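Protein chains in written order, with our numbering: chain A, 306 to 556; chain B, 14 to 365.
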Amino acid sequence: MRVLVAVKRVIDYNARVRVKPDKSGVDLKNVKMGMNPFCEIAVEEAVKLKEGGSASEVVAVTIGPKAAGDTLRTALAMGADRGVHVLEDGEVQPLAVAKLLAALTRREEATLCMLGKQAIDDDSNQTGQGLAGLLGWPQATFASKVVVDREAGRASVTREVDGGLETLSLKLPAVITADLRLNEPRYATLPNIMKAKKKKVDTVTAQELGVDITPRLKLVKVEEPAKRQAGVMLSSVKELVDRLRNEAKVI
Amino acid sequence: MRFGRCPSGTMMGSVPRLWRSISQRMGLSTLVLAEQKGGRLDPSTAQAVSAARALGGPVTLLFSGRGLGGAPSAGAALEGVTAVLTADDEALDHQLAEPAGALIVAVQQRRSFTHILAPSSTHGRNLLPRAAAKLDVQAVADVVEVQGPCTFVRPIYAGNALATVETPAEGLQMLTVRTTSFPPAPARAGNPAAIEPVSAEELQAAKDASSTSAWVSEEVGTSERPDLGQARVVVSGGRALRSAENFALLEALADALGGAVGASRAAVDAGYVPNDLQVGQTGKVVAPDLYLAFGISGAIQHVAGIKDAKTIVAVNTDADAPIFEVADYGLVGDLFEVIPQLQAELAAAKAQ
Numbered sequence: 306m307r308v309l310v311a312v313k314r315v316i317d318y319n320a321r322v323r324v325k326p327d328k329s330g331v332d333l334k335n336v337k338m339g340m341n342p343f344c345e346i347a348v349e350e351a352v353k354l355k356e357g358g359s360a361s362e363v364v365a366v367t368i369g370p371k372a373a374g375d376t377l378r379t380a381l382a383m384g385a386d387r388g389v390h391v392l393e394d395g396e397v398q399p400l401a402v403a404k405l406l407a408a409l410t411r412r413e414e415a416t417l418c419m420l421g422k423q424a425i426d427d428d429s430n431q432t433g434q435g436l437a438g439l440l441g442w443p444q445a446t447f448a449s450k451v452v453v454d455r456e457a458g459r460a461s462v463t464r465e466v467d468g469g470l471e472t473l474s475l476k477l478p479a480v481i482t483a484d485l486r487l488n489e490p491r492y493a494t495l496p497n498i499m500k501a502k503k504k505k506v507d508t509v510t511a512q513e514l515g516v517d518i519t520p521r522l523k524l525v526k527v528e529e530p531a532k533r534q535a536g537v538m539l540s541s542v543k544e545l546v547d548r549l550r551n552e553a554k555v556i
Numbered sequence: 014m015r016f017g018r019c020p021s022g023t024m025m026g027s028v029p030r031l032w033r034s035i036s037q038r039m040g041l042s043t044l045v046l047a048e049q050k051g052g053r054l055d056p057s058t059a060q061a062v063s064a065a066r067a068l069g070g071p072v073t074l075l076f077s078g079r080g081l082g083g084a085p086s087a088g089a090a091l092e093g094v095t096a097v098l099t100a101d102d103e104a105l106d107h108q109l110a111e112p113a114g115a116l117i118v119a120v121q122q123r124r125s126f127t128h129i130l131a132p133s134s135t136h137g138r139n140l141l142p143r144a145a146a147k148l149d150v151q152a153v154a155d156v157v158e159v160q161g162p163c164t165f166v167r168p169i170y171a172g173n174a175l176a177t178v179e180t181p182a183e184g185l186q187m188l189t190v191r192t193t194s195f196p197p198a199p200a201r202a203g204n205p206a207a208i209e210p211v212s213a214e215e216l217q218a219a220k221d222a223s224s225t226s227a228w229v230s231e232e233v234g235t236s237e238r239p240d241l242g243q244a245r246v247v248v249s250g251g252r253a254l255r256s257a258e259n260f261a262l263l264e265a266l267a268d269a270l271g272g273a274v275g276a277s278r279a280a281v282d283a284g285y286v287p288n289d290l291q292v293g294q295t296g297k298v299v300a301p302d303l304y305l306a307f308g309i310s311g312a313i314q315h316v317a318g319i320k321d322a323k324t325i326v327a328v329n330t331d332a333d334a335p336i337f338e339v340a341d342y343g344l345v346g347d348l349f350e351v352i353p354q355l356q357a358e359l360a361a362a363k364a365q
């Protein structure tokens with residue numbers, strides 16, 4: 306079974322986000338970038354499936370500019386076998402990403418697609434679902450546990466839903482998106498980073514894959530959210546209760 | 014007429030009459046994917062209806078599942094709802110994405126709505142993007158403001174920026190809406206909308222798609238407290254609580270205030286509470302009147318989930334914790350001393 310795992314290069318999750326003064330977007334110049342945290346979890350799970358004997362090969366895929374190649378190398382250093390880089394400099398919206406991944410899934414004859422549940426830059430939470438819809442495959446989003454039964458050709462997936470957990474049984478091929486608690490991603494060790502440099506990376510374009518990636522949504526502007534008014538520091542619980550009752554009037 | 018030229022800055026709920034008449038002339042019509050649990054209408058549906066009304070056209074609700082109970086009638090009584098569709102069938106039990114997604118596609122192909130909306134719950138976010146891809150639509154996620162039939166505002170980068178996006182004026186548009194940003198549509202007196210089942214062909218589409226996945230089991234939290242996403246007061250704890258047992262302190266305080274209990278990711282990862290209590294970018298977004306954060310440092314991922322609370326109170330031993338930057342009232346102190354004092358003061362205040 307071949308697993309396709311999708312990774313996205315995003316702003317580092319600890320970096321401070323600054324909106325550009327001309328409201329055209331977020332300033333990413335000189336900002337630390339890295340692999341989207343949910344993608345790291347997806348890669349870890351794919352590599353674990355291989356180590357456990359459920360998967361035969363893990364193919365990591367990224368879509369983005371040349372710099373996204375670093376993110377792909379990180380996935381290879383974590384244990385993915387080879388990479389595919391869809392080279393695109395412009396904006397690629399989730400539906401277009403899903404179409405590109407669907408084309409690659411067919412080309413690579415993958416049986417399982419692993420993605421993160423959302424990217425921490427656009428916070429869309431759509432790509433995995435869209436991919437499953439386009440392929441006509443079953444989906445399990447927000448996964449916190451994955452068990453693959455190769456013989457039965459099924460995956461048992463526990464999902465984090467509002468109000469608790471839900472377990473589904475999916476017939477493979479399928480699409481799974483990783484939630485935070487699925488696993489603890491491993492660090493790429495120096496020897497593995499060196500080995501990753503020798504692993505094969507294929508470069509393709511959207512055009513070669515026959516996918517139209519023209520953005521459908523037009524970004525009008527990006528603004529800072531309204532700042533909360535500075536609060537006050539209090540010195541006693543008595544004062545707090547008094548303020549909550551008589552000033553904020555919330556209790 | 015290009016809706017892209019809609020004036021910006023208009024608040025939801027005060028859509029000018031001009032638009033409403035334009036919307037009606039343009040034949041705008043909105044389908045809302047309604048949510049119900051155990052045959053009871055989920056409050057998120059009334060909030061999504063409120064967002065749908067801001068678009069201007071008539072609003073149809075779609076209920077799907079097995080055993081819809083009184084939910085469709087409750088939905089039919091909401092202000093602004095003009096029609097209710099139901100799909101009550103075994104194939105739609107537990108609302109799996111494959112049959113439920115196929116149903117949405119079939120309903121759209123037959124009825125040609127201009128907009129399809131779902132609450133941005135785990136349920137709505139599971140279903141809507143799947144159906145959108147099948148209908149070749151780029152959906153807009155987590156809308157916090159409707160500025161016009163094709164102009165929407167949504168948070169990005171964990172709520173550190175707000176993006177205004179325009180969808181193409183032509184064709185179907187699909188959105189998930191952040192329910193805490195919209196007031197629930199009120200129930201109206203008299204004249205409920207007509208309730209009608211979907212056609213046999215539409216239901217068949219769902220049945221045909223139901224073979225690839227199966228529901229196995231669920232573990233549901235059995236809290237008597239109000240739902241975290243809807244509570245007026247939320248009492249939250251972080252790593253500083255130090256153990257699962259200590260969360261009982263927060264529970265007692267939450268009960269005294271009639272509120273819900275929440276937690277930071279650190280508390281969830283440490284195993285103090287189940288993950289459905291997590292508040293933040295990757296958990297629940299809350300907007301209560303009062304949010305009390307005990308022993309929470311205030312990482313951006315957590316603050317993303319509480320920014321819209323009316324009043325934020327932070328109690329932390331570290332005077333430099335970033336949570337104090339967003340708190341309306343801050344108290345530097347040990348939560349194990351503050352909480353009992355707070356309960357005593359609340360009891361005293363109540364007795365007055």
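Just so you know, even glycine gets a beta-carbon here, dropped at the ideal spot from N, CA and C. Given the structure is predicted, the values throughout are model-derived calculations rather than measurements.
Same chain only: Cβ atoms within 6 angstroms of residue i, ignoring 5 sequence neighbours per side
i	result
B/Gly80	Gly52
B/Thr324	Leu303, Asp341
A/Leu470	Thr463
A/Ala424	Lys313, Val315, Asn341
A/Lys504	Leu381, Arg387
A/Ala403	Thr432, Gly435, Leu436, Leu439
B/Ala222	Glu111, Pro112, Ala115
A/Lys323	The identity of residue 323 of chain A in the sequence shown is Arg, whereas the question assumes Lys. Closer than 6 angstroms at Cβ, skipping near neighbours: Asp332.
B/Leu188	Leu130, Val153, Val156
Chain-order list of residues whose beta-carbon lies under 7 angstroms from that of residue i (same chain, five-residue window excluded)
i	result
B/Val94	Val62, Val72, Leu74, Gly88, Ala206
A/Leu400	Gly435, Arg521
B/His136	Glu48, Gln108
A/Gly515	Ala408
A/Pro478	Thr416, Leu417, Trp442
B/Val190	Ala61, Ala64, Leu130, Pro132, Ser133, Val156
A/Leu475	Pro443, Ala445, Arg459, Ala460, Val462
Within chain B, partners of residue i - CB distance below 8 angstroms
i	result
A/Ala553	Leu303, Lys323, Thr324, Asp341, Tyr342
A/Ser329	Going along chain B, no residue has its Cβ under 8 angstroms from A/Ser329, so there is no contact; the nearest lies around 11 angstroms.
A/Arg411	Residues of chain B passing the Cβ test: none, with the nearest at roughly 15 angstroms.
A/Ala403	Ala146
A/Leu309	The contacting residues do not exist; A/Leu309 stays about 17 angstroms from chain B at best.
A/Asp467	Ser134, Thr135, His136, Gly242, Asp289, Lys297
Expected contact under 8 angstroms - CB spacing of residue i and residue j to nearest Å
i	j	result
B/Ala152	B/Pro142	5 angstroms
B/Leu98	B/Gly78	At roughly 12 angstroms, the Cβ-Cβ gap does not stay under 8 angstroms, so B/Leu98 and B/Gly78 are not in contact.
A/Lys518	A/Glu393	Residue identity check: residue 518 of chain A is Ile in the sequence provided, not Lys. Sure, about 7 angstroms apart at Cβ, within 8 angstroms.
B/Ser249	B/Gly271	Actually they are not in contact, since the Cβ atoms of B/Ser249 and B/Gly271 sit about 15 angstroms apart, beyond 8 angstroms.
A/Leu539	B/Leu344	5 angstroms
Cross-chain neighbours of residue i in chain A, by beta carbon under 9 angstroms
i	result
B/Pro181	Arg521, Leu522, Lys523
B/Leu355	Val542, Leu545, Val546
B/Leu44	What B/Leu44 touches in chain A: nothing, since even the nearest Cβ is about 17 angstroms away.
B/Glu264	Per Cβ cutoff of 9 angstroms: no residues; B/Glu264 is ~17 angstroms from chain A at best.
Buried versus exposed call for residue i [16 or more other C-beta atoms within 10 Å across all chains shown]
i	result
B/Ser230	exposed
A/Tyr492	exposed
A/Ser559	Here chain A covers residues 306 to 556 and nothing more, so residue 559 of chain A does not appear.
A/Gly395	exposed
A/His390	buried
B/Pro85	buried
B/Trp228	exposed
B/Gly251	buried
B/Arg278	buried
Within chain A, the residues that residue i reaches when beta carbons sit closer than 8 angstroms
i	result
B/Gly80	By Cβ distance, chain A contributes nothing, its closest Cβ being about 17 angstroms from B/Gly80, past 8 angstroms.
B/Glu111	Pro443, Gln444
B/Ile169	Val331, Asp426, Asp427, Asp428, Val527
Contact set for residue i: own chain, Cβ-Cβ below 8 angstroms, skip 5 residues either direction
i	result
A/Val542	none
B/Asn173	Ile313, Ala317
Interface partners of residue i on chain B, CB under 7 angstroms
i	result
A/Glu529	Ala174
A/Lys526	Thr177
Under 9 angstroms from the C-beta of residue i: neighbouring residues of chain B
i	result
A/Pro326	Residues of chain B passing the Cβ test: none, with the nearest at roughly 13 angstroms.
A/Lys476	Ser224, Thr225, Ser226, Ala227
A/Leu400	Pro142, Ala145, Ala146, Asp149, Val150, Gln151, Ala152
A/Gly291	Chain A is shown from 306 up to 556; residue 291 of chain A falls before or after that span and cannot be answered.
Proximal chain A residues relative to residue i, where beta-carbon distance stays under 7 angstroms
i	result
B/Asn139	Gln434, Thr446
B/Lys220	What B/Lys220 touches in chain A: nothing, since even the nearest Cβ is about 15 angstroms away.
B/Ala362	Val546, Arg550
- Task: Select from the stretch 437-448 of chain A all residues with a C-beta closer than 8 angstroms to any C-beta belonging to chain B, and list them in chain order.
- Result: Ala437, Gly438, Leu439, Trp442, Pro443, Gln444, Ala445, Thr446, Phe447
Residues of the stretch 349-379 of chain A with a CB closer than 8 angstroms to any CB of chain B: list them in chain order, please.
Going along the stretch 349-379 of chain A in chain order, one finds no residue with a Cβ nearer than 8 angstroms to chain B.
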